[in-house]
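Below: one structure, written as structure tokens.
Protein chains in written order, with our numbering: chain Z, 1 to 396; chain R, 397 to 971.
Structure follows, in structure tokens:
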């Protein structure tokens with residue numbers, strides 16, 4: 001089948017979880033024999049130019065749809081693409097006319113897709129809605145953190161309408177966690193297929209390991225790999241904001257990804273006792289270096305306290321085979337690994353920190369071959385399989 | 397790890413040696429613990445040390461130099477003759493002597509350089525397995541941040557002290573934003589200590605709770621009783637103190653700071669004066685230096701016409717004057733908002749005085765049921781209690797009688813005994829071996845650190861060297877875990893050296909036989925050190941193409957120490 005994915009971010013050189021998910025989906029579909037291309041519009045100014053993607057429109061364009069687009073630019077971007085007669089045709093022109101399936105990742109561009117289907121003269125493509133979260137709930141929490149509850153509720157209403165529309169009109173819905181799937185199934189007449197987030201089977205080069213060592217100073221460290229997505233920062237301070245006494249003087253907490261600078265720039269950073277002594281922000285690193293950080297880490301922390309969906313960093317952590325200290329929310333979608341060797345799950349910050357100290361004091365985790373094999377289900381090739389099968393059935 | 401030599405207990409007296417201001421409780425604790433622990437354990441097994449040049453070295457008091465009466469008087473001005481300054485006085489004396497000889501008018505010098513003296517090149521210092529007890533003003537000294545590394549690298553066993561968590565729990569009563577700094581300090585203390593002495597059950601609870609909150613390791617804790625430092629008598633009594641004590645007065649001994657809550661006493665006195673009791677009120681005497689955050693209170697007291705002349709503040713009170721004041725006080729008060737212990741309450745009780753205090757923090761541990769407790773925030777309640785005792789002196793007498801009958805002053809020998817018992821307890825267990833993780837603890841020329849392991853890259857050269865740690869004289873066994881792949885064609889050389897690699901204690905070559913299992917004992921080396929070394933190295937040299945990974949090294953006392961030779965036993969995993 002000829003499949004086009006629609007998204008607000010490119011998939012080349014993926015950095016954040018959404019990019020990794022979509023890239024792996026594209027690869028898996030291609031591996032299954034489909035012709036797949038990625039199309040969309042840049043949702044953030046820092047994405048490098050990419051074929052098939054319109055540049056991000058100026059923020060002033062969003063003001064036609066919402067007075068304050070802060071933290072609502074994804075929703076406003078969707079409205080702009082669907083309703084503005086200057087932008088709609090430009091995006092529509094990127095979709096090959098013989099496309100049979102449009103996979104819309106996140107709800108933002110779904111309204112655009114509906115208009116595209118309505119206006120296309122040839123056989124309209126089927127629409128798959130790829131929901132990464134229950135978006136309106138996440139939006140409520142994020143906006144509340146920064147702009148207050150009243151404003152957040154109004155924003156959440158808009159997002160709820162957007163994702164409900166996607167659920168109502170999709171030919172197939174894909175969720176990333178069982179909890180999300182239940183919520184979505186209640187709002188759609190079509191099937192909801194569960195395809196959790198996953199991990200790549202990585203291997204680092206010696207140079208990558210040397211670079212990782214340079215970053216970490218050859219210390220024993222816990223790794224937090226995260227983007228600057230606001231919930232990642234909030235979760236970090238929820239769990240470590242009282243202090244980082246869980247780290248011995250010769251241990252570090254390494255943050256890989258753009259979350260590092262977001263955490264360092266947060267007001268709470270200089271007020272958190274001991275944090276500046278232990279905190280290392282690697283910044284955004286290339287794939288080889290990230291693989292190396294995952295390889296040489298002693299523990300991986302997943303302090304996720306907000307957000308729906310499943311955290312692909314959790315899958316990465318499970319596959320890495322190190323000690324894991326996670327919140328219950330971070331383990332959503334991977335509940336079968338709670339209680340597995342080296343996996344410690346706590347929602348209370350003090351218990352979380354205690355678990356970090358215990359993990360950092362343990363010898364490096366050594367998985368048995370059986371345990372390693374049992375964890376194979378977190379690889380993308382396994383997690384995306386249900387969706388790939390359903391798409392194949394559509395082709396039949 | 398067990399050692400052939402007997403462990404020495406060291407007491408870090410850096411605070412006392414450098415102390416040149418009016419004595420505070422912590423200086424007294426350090427000095428008293430040193431004195432009484434040396435009596436309990438003997439001066440050979442219990443020594444004093446100071447932090448100098450980033451290490452602890454033995455402190456030996458400089459021999460008393462003949463000093464002129466004039467110089468003695470000068471030192472008396474700086475540091476009164478008191479047990480608290482026994483360690484610091486000789487040091488200041490030397491400084492003044494040198495100043496007298498070097499800073500002549502002709503030389504026009506206004507400063508001299510005096511270093512902390514030690515007993516020369518042969519000076520002793522704490523060695524692996526020794527205990528270091530540190531109970532001084534450790535948050536003001538840089539050595540605290542080294543405790544963890546010294547424990548790891550040199551095997552020193554630190555016993556530290558937690559006096560209170562006031563800067564963390566009540567930062568509003570402290571100077572500046574201290575909460576974060578002290579939180580970090582307590583974390584350092586926990587990581588660097590094997591045990592923590594707490595001066596009250598309240599402090600122990602606070603410390604344990606903080607560790608739990610922060611995720612820091614809560615070390616073994618013991619509560620040490622602080623001796624009631626009954627101030628010495630027999631010295632001169634100044635005119636002001638003499639005059640004060642001719643009439644009844646209420647005594648409050650404490651630094652004047654917000655937490656000590658002088659304010660509630662001032663307000664109570666204001667209320668009592670407003671009740672028309674001015675003529676019957678005894679003087680309220682504050683003994684202590686003004687601290688931070690009380691300038692407005694002191695101004696209020698100075699300007700308030702209602703209490704004018706009723707509240708007296710005394711500074712620079714000598715020990716004998718303090719004794720005199722305790723003995724002549726009508727009764728004592730201590731309305732503090734929080735305490736980690738409350739030494740003045742113990743002192744007052746030890747002097748047989750009636751005490752009215754708040755019940756905050758540890759104070760009930762000090763006073764038990766012998767103290768009359770009053771809400772520290774309630775000026776009316778304090779006014780009522782003070783009025784009751786002032787108008788009914790027989791009640792004061794009853795309280796004093798109960799105190800004299802039931803209060804048992806705490807002795808510093810008890811403090812020393814508790815610490816000695818703790819040391820014995822800590823010494824009784826089998827110490828773990830020295831554990832090295834090559835990936836974190838050792839260096840490489842031709843390998844790559846991969847987490848805790850060191851992996852050969854295929855180039856020839858030094859795969860591992862270090863960690864340059866100290867080790868006492870003795871015979872040891874070093875077990876090395878790892879994996880030697882069968883791609884390795886040439887032998888691998890291990891040696892054990894010290895003195896910057898110039899002195900080799902053992903050397904051995906290992907030739908691989910087949911691909912071995914992961915994380916198995918690769919080789920066991922036995923070696924003898926004739927004397928303590930401070931830079932022990934285990935080195936591993938590989939040829940090109942070697943596929944060697946070093947995972948872990950453990951060094952412990954050789955169980956075969958009685959064997960005449962220090963032979964090497966090779967245990968190649970797959971051989």
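Where a beta carbon is used, it is the ideal one built from N, C-alpha and C, also for glycine. Quick caveat, the model's predicted, so the values are computed rather than measured.
Residue(s) in a DSSP beta bridge with residue i
i	result
residue 858/R	937/R
residue 95/Z	Beta-bridge pairing links residue 95/Z to no other residue.
residue 519/R	Paired residue(s): none; residue 519/R is not in a bridge.
residue 543/R	Partner(s): none; residue 543/R has no beta bridge.
residue 532/R	Answer by DSSP bridge pairing: none, since residue 532/R is not bridged.
residue 446/R	453/R
residue 877/R	917/R, 948/R
For residue i, the nearest candidate out of the options (CA to CA)
i	options	result
residue 765/R	741/R, 426/R, 775/R, 612/R	741/R
residue 706/R	891/R, 654/R, 640/R	640/R
residue 611/R	540/R, 579/R, 434/R, 737/R	579/R
residue 850/R	623/R, 948/R, 620/R	948/R
residue 522/R	868/R, 920/R, 644/R, 879/R	868/R
residue 177/Z	19/Z, 320/Z, 312/Z	312/Z
residue 688/R	702/R, 444/R, 733/R, 570/R	570/R
residue 935/R	843/R, 691/R, 629/R, 953/R	843/R
residue 148/Z	166/Z, 75/Z, 70/Z, 388/Z	70/Z
residue 15/Z	44/Z, 166/Z, 122/Z	44/Z
residue 243/Z	251/Z, 269/Z, 229/Z, 254/Z	269/Z
residue 941/R	901/R, 895/R, 887/R	887/R
residue 773/R	790/R, 753/R, 783/R	753/R
residue 369/Z	141/Z, 326/Z, 363/Z, 341/Z	341/Z
residue 683/R	856/R, 718/R, 895/R	718/R
residue 174/Z	388/Z, 396/Z, 395/Z	388/Z
residue 438/R	619/R, 817/R, 916/R, 405/R	405/R
Short CB-CB distance (under 8 Å) between residue i and chain Z
i	result
residue 407/R	no
residue 853/R	yes
residue 681/R	no
residue 342/R	Since the displayed chain R opens at 397 and closes at 971, residue 342/R lies outside it and no answer follows.
residue 848/R	yes
residue 967/R	Summary for residue 967/R: the model assigns pLDDT 33, below 50, so the residue's position carries little reliability, and this model does not support an answer.
residue 579/R	yes
residue 576/R	yes
Residue i - containing alpha helix (DSSP H), residue span
i	result
residue 20/Z	17 to 31
residue 290/Z	287 to 296
residue 268/Z	Careful: residue 268/Z lies outside any alpha helix (DSSP H) and carries neither H nor E.
residue 607/R	597 to 610
residue 240/Z	230 to 240
residue 586/R	574 to 588
residue 435/R	421 to 437
residue 719/R	715 to 724
Start-to-end residues for the beta strand (DSSP E) that takes in residue i
i	result
residue 920/R	916 to 925
residue 251/Z	251 to 256
CB contact below 8 Å: residue i versus chain R
i	result
residue 407/Z	Examination of residue 407/Z is not possible in this model, given that chain Z is present from 1 through 396 alone.
residue 64/Z	no
residue 229/Z	no
residue 375/Z	no
residue 246/Z	yes
residue 132/Z	no
residue 214/Z	no
residue 259/Z	no
8 Å Cβ cut-off: residues of chain A touching residue i
i	result
residue 249/Z	Considering every chain present, this structure includes no chain A. Its protein chains are Z and R.
Under 8 Å (Cβ pairs) to chain R, residues found in the stretch 176 to 208 of chain Z: 206
Name the residues in the stretch 605 to 631 of chain R whose C-beta lies less than 9 Å from a C-beta of chain Z; which are they? 606, 607, 608, 609, 610, 611, 612, 613
Please list, in chain order, the residues of the stretch 699 to 718 of chain R that have any C-beta partner in chain Z closer than 7 Å. Cβ proximity to chain Z below 7 Å picks out nothing from the stretch 699 to 718 of chain R.
Using Cβ-Cβ distances below 7 Å, what residues of the stretch 335 to 358 of chain Z are close to chain R? 350, 353, 354, 356, 357
Looking at chain Z, which residues of the stretch 538 to 570 of chain R have a Cβ within less than 8 Å of any of its Cβ atoms? Under the 8 Å Cβ criterion, the stretch 538 to 570 of chain R contributes 541, 544, 545, 548.
Short-range partners of chain Z found in the stretch 812 to 836 of chain R, where Cβ spacing is below 9 Å: 833, 835, 836
Which residues, taken in chain order from the stretch 297 to 330 of chain Z, show a beta carbon closer than 8 Å to some beta carbon of chain R? 297, 298
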